[in-house]
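Undergrad: These protein sequence lines map, in sequence, to chains A and B. Quick note on numbering: the numbering used here labels position 93 of the first sequence as 94, and the sequence is numbered without any gaps. Quick note on numbering: the numbering used here labels position 15 of the second sequence as 271, and the sequence is numbered without any gaps. Virtual Cβ for every residue (Gly too), placed ideally from N, Cα, C. Below is the structure I would like to discuss, written out as structure tokens.
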Amino acid sequence: MPASSSDATVHRVSVHPRLQELRRVAIVPALNEEHTIGRVVDELRAFDPGLDVVVVDDGSLDGTSRAAAAKGARVLRLPFNLGIGGAVQTGFRFAFENGYDIAVRVDGDGQHDPAQLGRVLEPVLSGEADIAVGSRFTDETATGYTSSRSRRVGIRLLAGVVSRIVGQRVTDTTSGFQALNREGIALFARDYPHDYPEVEATVMVFRHRLRLREVPVEMRERGGGRSSITALRSIYYMVKVLLAIFVGLFRRNVVPQEGSR
Amino acid sequence: MTPLAVSIAGAVASFVLVLVVLELIRSRRLRERYALLWLVTGIALTVLSAWRDGLNTIAGWLGIRSYPPAVLFAVGLLFVLAVLLHYSTVISRLSDQNIVLAQRLALLEEQLLR
């Protein structure tokens, strides 16, 4: 049975004194991650026993749901694959509807180390930002992350474009290692981009005048599964994302009105 | 001038399109909403095929001297493009709604099985 937040708050949380008073949830999108998801849930609990863990199973064909539920996570099981955007938004809707104050987003493949969540949470807990994003490419994180050259170039290029648009330096627009307060949760529950969401979402955050801070993190090698972005899809990714950003700038009604969908 | 055979064939084919669309609406296999563009296409092509002077005049405006029925192709193609574009918007809306349904289902199912 999933641990409820009420009995879990008995544990002492060392991360931040304010964290204990807040209802907090970890959103973990997962697609065919049965080998890593259990460890991710365990690590999240180890970081903060009072953290409710919600795994969004994006139509996995393996035992991802079972593995997550066995570890006491709540599992939102999508009937078919929606893609990362739709999956993550399911988690934000859950967080919004269940009145959570704080949400963190951690990938189910083990790429994000929950031990670094304290750093990611810091700007949100101190009220400095509505959304904090763990970045692999800030000046402080020179080391660590290894990926193909084309992918790095793509990430840099997108970061440059986004930085110009939003008027604030953003170094890692593709990171899904995030922490959000209630405002951030509400925005993403209402409207979240599909397919490859993080870049567009970053622009959206600024258009809604929410405050975003980047925090240096290191990411691990993927524990299992495959990246949702293969080499061949990179071009489609770039074109689609740039189109979405530039056309999105001309949208007057940034958020669709409630009920209009 | 448009050959008479072309006018007759064009008019008959376009009229058959109109009849087929009407029949599909009657038998509830096509919703009025999606039939409208097809009906307009059929009617426009029927009129242009049957009204030979009109076709020639329009061709003249467009600078088409050698073969006026080319206007029929152009108009037909334009409408087909419009129909396809309309379908793309319909598909986009359906897939958006589909996503919301899947999300709601996952949220409700979790509540139910908890």
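1) Please work out which residues of its chain come closer than 7 Å, Cβ to Cβ, to Leu361 (chain B), disregarding the five sequence neighbours upstream and downstream, and give them in chain order.
2) Would Arg106 (chain A) pass as a contact of Gln179 (chain A) if the rule is Cβ separation under 8 Å?
3) For the candidate residues A:Asn182, A:Asp196, A:Gly249, whose alpha-carbon lies nearest to that of Phe93 (chain A)?
4) Enumerate in chain order the residues of its own chain whose CB-to-CB distance from Ala70 (chain A) is below 7 Å, with the five nearest sequence positions on each side excluded.
5) Helix, strand or coil, according to DSSP, for Ser263 (chain B) in the structure here?
6) Tell me whether the region 164-175 of chain A and the region 111-131 of chain A touch, counting them as touching only if at least three CB pairs, one residue from each stretch, are closer than 8 Å.
7) Classify His12 (chain A): buried if its beta carbon has 16 or more other beta carbons within 10 angstroms, exposed otherwise.
8) Asp59 (chain A) and Ala31 (chain A): beta carbons closer than 8 Å?
9) Can you tell me which of the three DSSP states Val121 (chain A) falls into?
10) Check whether chain A comes within 8 Å of Leu350 (chain B), counting only Cβ atoms and requiring the distance to be less than that.
11) Relative to the C-alpha of Leu126 (chain A), which candidate in A:Met205, A:Ile38, A:Val89, A:Arg212 has its C-alpha closest?
12) Measuring only between beta-carbons, confirm whether Arg94 (chain A) sits less than 8 Å from chain E.
13) Let me check one thing: in DSSP terms, what residues is Ile132 (chain A) bridge-paired to?
14) May I have the straight-line CA-CA distance separating Ile320 (chain B) from Phe271 (chain B), to the nearest angstrom?
15) How many Å lie between Asp192 (chain A) and Ser322 (chain B) at the Cα?
16) With Val240 (chain A) as the anchor, note down where its beta strand (DSSP E) starts and where it stops.
17) Just to confirm the assignment, what range does the alpha helix (DSSP H) spanning Pro30 (chain A) have?
18) Does the distance from the CB of Val41 (chain A) to the CB of Gly135 (chain A) come in under 8 Å?
19) Can you name the residues that DSSP bridges to Ala104 (chain A)?
20) I want to see whether chain B comes within less than 8 Å of Arg191 (chain A), judged by CB atoms only; does it?
21) So with Cβ pairs under 8 Å, would you call Leu368 (chain B) a contact of chain A?
22) Does the region 276-283 of chain B come close enough to the region 308-316 of chain B that 3 or more CB-CB pairs lie under 8 Å?
23) Mind listing the chain A neighbours of Glu365 (chain B)? Cutoff is C-beta to C-beta under 9 Å, in chain order.
24) Hey, which unbroken runs of the beta strand (DSSP E) at 3 residues or more fall wholly within the region 292-360 of chain B?
25) Using the rule of at least 16 other Cβ atoms within 10 Å of the residue's Cβ for burial, across every protein chain shown, is Gly128 (chain A) buried or exposed?
26) Among residues of its own chain, excluding the 5 on either side of Asp102 (chain A), which ones have a beta-carbon nearer than 8 Å to its beta-carbon?
27) Are the CB atoms of Gly155 (chain A) and Ala235 (chain A) within a distance shorter than 8 Å?
28) Going by the CB atoms, is the gap between Val56 (chain A) and Val89 (chain A) shorter than 8 Å?
29) Any beta carbon from chain A within less than 8 Å of Ala315 (chain B)'s own beta carbon?
30) Do Ile186 (chain A) and Ala130 (chain A) have their C-beta atoms within less than 8 Å of each other?
31) Ser66 (chain A): buried (16+ other C-beta within 10 angstroms of its C-beta) or exposed?
32) Could you work out which residue in A:Gln169, A:Gly84, A:Glu222 is closest to Pro194 (chain A) when comparing CA atoms only?
33) Do you know how far the Cα of Ile299 (chain B) is from the Cα of Leu273 (chain B)?
34) Quick check on the burial criterion: 16 or more other C-beta atoms within 10 angstroms. Buried or exposed for Leu368 (chain B)?
35) DSSP three-state call for Val42 (chain A): helix, strand or coil?
36) Taking 8 Å as the CB-CB cut-off, is Gly87 (chain A) touching chain B?
TA: Taking the definition as stated:
1) none
2) yes
3) A:Asn182
4) Val76
5) helix
6) no
7) Unreliable placement is indicated for His12 (chain A), whose pLDDT of 40 sits below 50; the coordinate value is still reported in the next sentence. Under this definition His12 (chain A) is an exposed residue.
8) yes
9) helix
10) no
11) A:Arg212
12) Protein chains in the displayed structure are A and B, and chain E is not among them.
13) A:Leu181, A:Leu213
14) 25 Å
15) 55 Å
16) Val240 (chain A) -> not in any beta strand (DSSP E); alpha helix (DSSP H) instead, spanning 234-249.
17) Premise fails: Pro30 (chain A) lies in the beta strand (DSSP E), 25-31, not in any alpha helix (DSSP H).
18) no
19) A:Val26, A:Leu181
20) no
21) no
22) no
23) Leu77, Arg78, Pro80
24) none
25) exposed
26) Leu23, Arg24, Arg25, Asn182, Arg183
27) It is Ser, not Ala, that sits at residue 235 (chain A) in the sequence shown. It is a contact, given that the beta carbons lie within the stated cut-off.
28) no
29) no
30) no
31) buried
32) A:Gly84
33) 9 Å
34) exposed
35) helix
36) yes
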